[in-house]
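A.B. asks: Quick one: the structure is below, questions incoming.
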Amino acid sequence: MAYEGAWLRRCSQQARARRSKWRVMLLLLALPLVGNGIAAATVRSTTTRVQGKLVYRAAPTSDIWKLLAAGGVAYKLPGQPLDSIGGEIPSGSIIALDCTSKVGSDGTDCISIDNAEVTRAAAPVKSTDLVLRLLVMVVNLTGSCTKAGASVDQVRQAYTAVSGYTNFLRNCSYDKVTYSTEPGGVTVIETAVQCNQAILMCEEDAVAYGAQVAAAQQYGVNFLASFNRFSYVLPKGISACYWVGLADLPGMNTWYSPTDDGIFNKGTVLQESLHNFGIYHGWRGQIEYADTSTAMGSGNSCPSAPELWRLGWASVLDLLDNSTLSAGVIKGYILPATSLGPTRNMLKIRPDWLGESYTMNLYLALRLRLGGDQDIGDEFNRKISIHYLDKSIDNNFGMRGDPKVTILGTIDARSTMDLGDYKLLVKTGDFDGDGAKMPLWLCRYKAQATECAEATELKGNAVTSNDVITTQAVDYDSYRDAPPSPSRSGRSPPVSRRLPPWPSPRLPPRPPPRPLPRPPPSPFLLHAQSPRMQSPPSPWPPPSPRPPYKLRQSPRPLPYPPNPQPSSPKTSARPPKPRSQPTATSAPLRPKQGRASRSPPLQQKGSV
């Protein structure tokens, strides 16, 4: 038995020794593999110092950041570059940075970036007193994958027709930004580009580079240099493109699909054009593109009041804050529709009385189906639209970024709305005689709307001159940069009344206005009461001196497109802005692909 036990112990020791030997052998065999893995990790990427212009494009599923270097080379960036102190570098800046890309790639897809340095700051974005010379390049592919482009004649007609994009921009900007009326001011050409994989993968810079090279070969470099805006219409059948419009924000380039929702939709074209001026998308709640009151959302009408103000195209009737709107004081206004003209056509409210809760500014503006707003939806026509946006950007004109201009709701004539989050009560009266202006009254309260309760019932009081604020128009160039202040010296105090009954919303009969020169009948004029000048000779008068602003017809909105298949978002070092989806209680919305989809108007109105 002792011998047998000793034999078993020796067998067990030998087995353990064999197992240990195999473990050592396996470990030795694994070391080269681990070493190879480490070596691969150290050599599978390479870093290059690159320099160029930083561009941003707001795509539906993720933000696109690129660095455009000399020779048309576009470097994809994983996110917005940061400077040495962690600040976001704005688009339009000339920068240098270290781009780390995978070995074996072409080196233009930066998986990480570092040491970004601004060599030239972004120039201010000019959006007034501009005459644009636009070159539209309709791209078709030749060679191994022939793909036809859109009809050049149809694209040209979309811009130059009486109801086309040229007049749409002129109407919405009140003549502050126009396309050149000189021969070739808006030029549409066909460009044949050799098929390549980058274009088939919907690389917009490959499309632009190929189109410009083809145009330069056909017409010369000086021809390209004569334009300050460039648009590219993609060939038909590029399935990798998940958008119908794309633009530099800011910049001078725009891209469109060759579809009814792309180049042949006036809302799409205006949205991408205004991206070039630094204007972002319109929101409804947490849903981007869902503001149907503006082309910056998914509408076919002019920009909303905050967008008009940001562009410098319109001025405010009054600016209200803690120093100009005391608690319990009623202030009245006669608000004209924004489509009538650019002067004093909106109210801007900085509710700094909210203290630390003050994060948003408010805009109130009357929308009317006229001129550039000819195709505005029933939800907004003949109603006051209320928008809110980030006050930190709205109060600082030099600050860049998305202020998230968001439609809050609308107010009908002869109605009352309590904006509880802003401690503000708004009451509207009936339209004036020509149906283009609406009276309204504002009352701020400290705790509850019942502080204005005695003023909410109609008492039959007539509106008098004491009920209407008569402040002077505020100069845009000085006002847009002015921060909130406790007082404004030099401004005459507006007429106000403390807690009387609300005045009646009906305006008394007024004497007829002094007659203005009446133009002869013209198909260009949409409103007989509007004091507009005679239609100019065809097609447009010379840009200098600039003719008076006039209203011109706009095309009907186009039907909804088929629902697109969304593309997977790109990975970035800094997470892209989320694209929120509607909640279970929200009205259904079609999937968004830029302006590819039109959201039906949300039914809830006037909610805070």
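Start counting the sequence shown at 1; every next residue gets the next number (the UniProt record's numbering). A virtual CB, placed ideally from N, CA and C, is assigned to each residue, including glycine.
Whose C-alpha, out of Ala449, Gln448, Leu424, is nearest the C-alpha of Leu440?
C.D. replies: The sequence position of residue 440 within the sequence shown is 440, counting from 1. Here the closest residue by C-alpha is Leu424.
A.B. asks: Three or more beta-carbon pairs under 8 Å between the region 403-413 and the region 203-214, yes or no?
C.D. replies: Too few Cβ pairs lie closer than 8 Å, so no.
A.B. asks: Please classify Glu356: is it buried, with 16 or more other beta-carbons within 10 angstroms of its beta-carbon, or exposed?
C.D. replies: Translated into the one-based positions of the sequence shown, residue 356 becomes position 356. Burial call: exposed.
A.B. asks: Use the C-beta contact count for Leu249: other C-beta atoms within 10 angstroms, 16 or more gives buried, fewer gives exposed.
C.D. replies: Counted from its first residue, the sequence shown places residue 249 at position 249. Its Cβ being crowded by 16 or more others within 10 Å, Leu249 is buried.
A.B. asks: Within 10 angstroms of its Cβ, does Ile334 collect 16 or more other Cβ (buried), or is it exposed?
C.D. replies: Here the question's residue 334 lines up with position 334 in the sequence shown. Classification for Ile334: buried.
A.B. asks: So what does Trp441 bridge to, in DSSP terms?
C.D. replies: Within the sequence shown, numbered from 1, the residue matching residue 441 stands at position 441. Paired residue(s): Gly332, Lys427.
A.B. asks: What three-state label does DSSP hand Gly104 in the structure shown?
C.D. replies: On the sequence shown, residue 104 is found 104 positions in, with the first residue counted as 1. Looking at Gly104 - three-state DSSP - the assignment turns out to be coil, as it is neither helix nor strand.
A.B. asks: Which one or two residues does DSSP pair with Ile349 in a beta bridge?
C.D. replies: Numbered from its first residue, the sequence shown carries residue 349 at position 349. Paired residue(s): Leu320, Leu362.
A.B. asks: For Gly92, count neighbouring C-beta atoms within 10 Å of its own C-beta (all shown protein chains included) and say buried if the count is 16 or more, exposed if not.
C.D. replies: As a first step, residue 92 must be located in the sequence shown, where it is residue number 92. By the neighbour-count rule (16 or more Cβ atoms within 10 Å), Gly92 is buried.
A.B. asks: Among the residues of its own chain, which have a CB less than 6 Å from the CB of Thr47, if the five just before and after it don't count?
C.D. replies: By 1-based counting over the sequence shown, the position of residue 47 is 47. Same-chain partners within the cutoff: Asp98, Thr100.
A.B. asks: Could you give the distance in angstroms between the alpha-carbon of Thr181 and the alpha-carbon of Met252?
C.D. replies: Translated into positions along the sequence shown, residue 181 becomes position 181. Translated into positions along the sequence shown, residue 252 becomes position 252. If I take the Cα positions, the gap works out to 19 Å.
A.B. asks: Output the distance between the C-alpha atoms of Ser151 and Val162, rounded to the nearest integer angstrom.
C.D. replies: For the purposes of this step, residue 151 is identified with residue 151 of the sequence shown, where counting begins at 1. For the purposes of this step, residue 162 is identified with residue 162 of the sequence shown, where counting begins at 1. One C-alpha to the other measures close to 19 Å.
A.B. asks: Alpha carbon to alpha carbon, how far is Glu288 from residue 691? Give it in angstroms, no decimals.
C.D. replies: A question about residue 691 goes unanswered here, because the residues of the chain that appear run from 1 up to 608.
A.B. asks: Just the Cα atoms here: how many angstroms apart are Arg120 and Ala96?
C.D. replies: Counting from one through the sequence shown, the residue named residue 120 turns up at place 120. Counting from one through the sequence shown, the residue named residue 96 turns up at place 96. One C-alpha to the other measures close to 10 Å.
A.B. asks: Would you check if there are 3 or more beta carbon pairs closer than 8 Å linking the region 285-303 to the region 390-400?
C.D. replies: The region 285-303 is not in contact with the region 390-400.
A.B. asks: Is it right to say Ile85 is buried, meaning 16 or more other beta carbons lie within 10 angstroms of its own, or is it exposed?
C.D. replies: Here residue 85 refers to the residue found at position 85 of the sequence shown. Per the 10 Å Cβ criterion, exposed.
A.B. asks: Can you grab the Cα-Cα spacing for the pair Lys383 / Gly267, in whole Å?
C.D. replies: Residue 383 sits at position 383 when you count from the first residue of the sequence shown. Residue 267 sits at position 267 when you count from the first residue of the sequence shown. The alpha-carbon atoms of Lys383 and Gly267 are separated by roughly 21 Å.
A.B. asks: Could you have a look at Trp309 and say whether DSSP puts it in helix, strand or coil?
C.D. replies: Position 309 of the sequence shown, counting from 1, holds the residue named residue 309. Trp309 falls in the helix class under three-state DSSP.
A.B. asks: Would you say the region 185-204 touches the region 125-135, given that touching needs at least three Cβ pairs under 8 Å?
C.D. replies: Taking 8 Å as the limit for Cβ pairs, the verdict is that the region 125-135 does touch the region 185-204.
A.B. asks: Measuring CB to CB, does Gly372 end up less than 8 Å from Cys110?
C.D. replies: Position 372 of the sequence shown holds residue 372. Position 110 of the sequence shown holds residue 110. Not closer than 8 Å, so no.
A.B. asks: Which residues does DSSP pair with Cys110 in a beta bridge?
C.D. replies: By one-based count along the sequence shown, residue 110 stands at place 110. None, per the DSSP bridge assignment.
A.B. asks: Let me know the secondary structure DSSP gives Cys302 once reduced to three states.
C.D. replies: As a position in the sequence shown, residue 302 is number 302, starting the count at 1. DSSP places Cys302 in coil when its eight states are reduced to three.
A.B. asks: My output table needs one value for His387: the three-state DSSP class, helix, strand or coil.
C.D. replies: Here residue 387 corresponds to residue number 387 of the sequence shown, with the count starting at 1. Correct three-state label for His387: strand.
A.B. asks: According to DSSP, is Ser45 helix, strand or coil?
C.D. replies: The count along the sequence shown starts at 1 and reaches residue 45 at position 45. Here Ser45 sits in strand by DSSP.
A.B. asks: Between which two residues does the beta strand (DSSP E) containing Thr178 stretch?
C.D. replies: In the sequence shown, the residue the question calls residue 178 occupies position 178. Note, Thr178: beta strand (DSSP E), 177-179.
A.B. asks: What number of angstroms, rounded off, separates the C-alpha of Val139 from the C-alpha of Arg284?
C.D. replies: Taking the first residue of the sequence shown as 1, we reach residue 139 at position 139. Taking the first residue of the sequence shown as 1, we reach residue 284 at position 284. So the two alpha carbons sit approximately 35 Å from each other.
A.B. asks: Buried or exposed for Pro258, going by 16 or more other Cβ atoms inside 10 Å?
C.D. replies: To locate residue 258, count along the sequence shown from 1; it is residue 258. Buried.
A.B. asks: What would DSSP say about Ala70, mapped onto helix, strand or coil?
C.D. replies: As a working note, residue 70 is residue 70 in the sequence shown. Looking at Ala70 - three-state DSSP - the assignment turns out to be helix.
A.B. asks: Which of the three DSSP states, helix, strand or coil, is assigned to Ala253?
C.D. replies: As a position in the sequence shown, residue 253 is number 253, starting the count at 1. According to the sequence as given, residue 253 is Asn; it is not Ala. In this structure, Asn253 counts as strand in the three-state DSSP scheme.
A.B. asks: Taking the alpha helix (DSSP H) that Leu325 falls in, what are its first and last residues?
C.D. replies: On the sequence shown, residue 325 is found 325 positions in, with the first residue counted as 1. Leu325 -> no alpha helix (DSSP H), and no H or E assigned at all.
A.B. asks: Within a Cβ cutoff of 7 Å, which residues of the same chain sit near residue 615, ignoring the five residues on either side of it in sequence?
C.D. replies: Here the chain covers residues 1 to 608 and nothing more, so residue 615 does not appear.
A.B. asks: By the 10 Å Cβ neighbour count, where 16 or more other Cβ atoms means buried, how is Asn276 classified, buried or exposed?
C.D. replies: Counting from 1 along the sequence shown, the entry for residue 276 is found at position 276. When all chains shown are included, Asn276 counts as buried.
A.B. asks: Leaving aside the five residues before and after Gly72 along the sequence, list all residues of the same chain whose C-beta is less than 6 Å from its C-beta, in chain order.
C.D. replies: Here residue 72 corresponds to residue number 72 of the sequence shown, with the count starting at 1. Cβ within range, chain order: Tyr209.
A.B. asks: Report buried or exposed for Val103, applying the criterion of at least 16 other Cβ atoms within 10 angstroms of its Cβ.
C.D. replies: By 1-based counting over the sequence shown, the position of residue 103 is 103. Its Cβ having fewer than 16 others within 10 Å, Val103 is exposed.
A.B. asks: Could you please give the first and the last residue of the uninterrupted alpha helix (DSSP H) stretch that includes Tyr209?
C.D. replies: As a first step, residue 209 must be located in the sequence shown, where it is residue number 209. Element bounds for Tyr209: 204-219.
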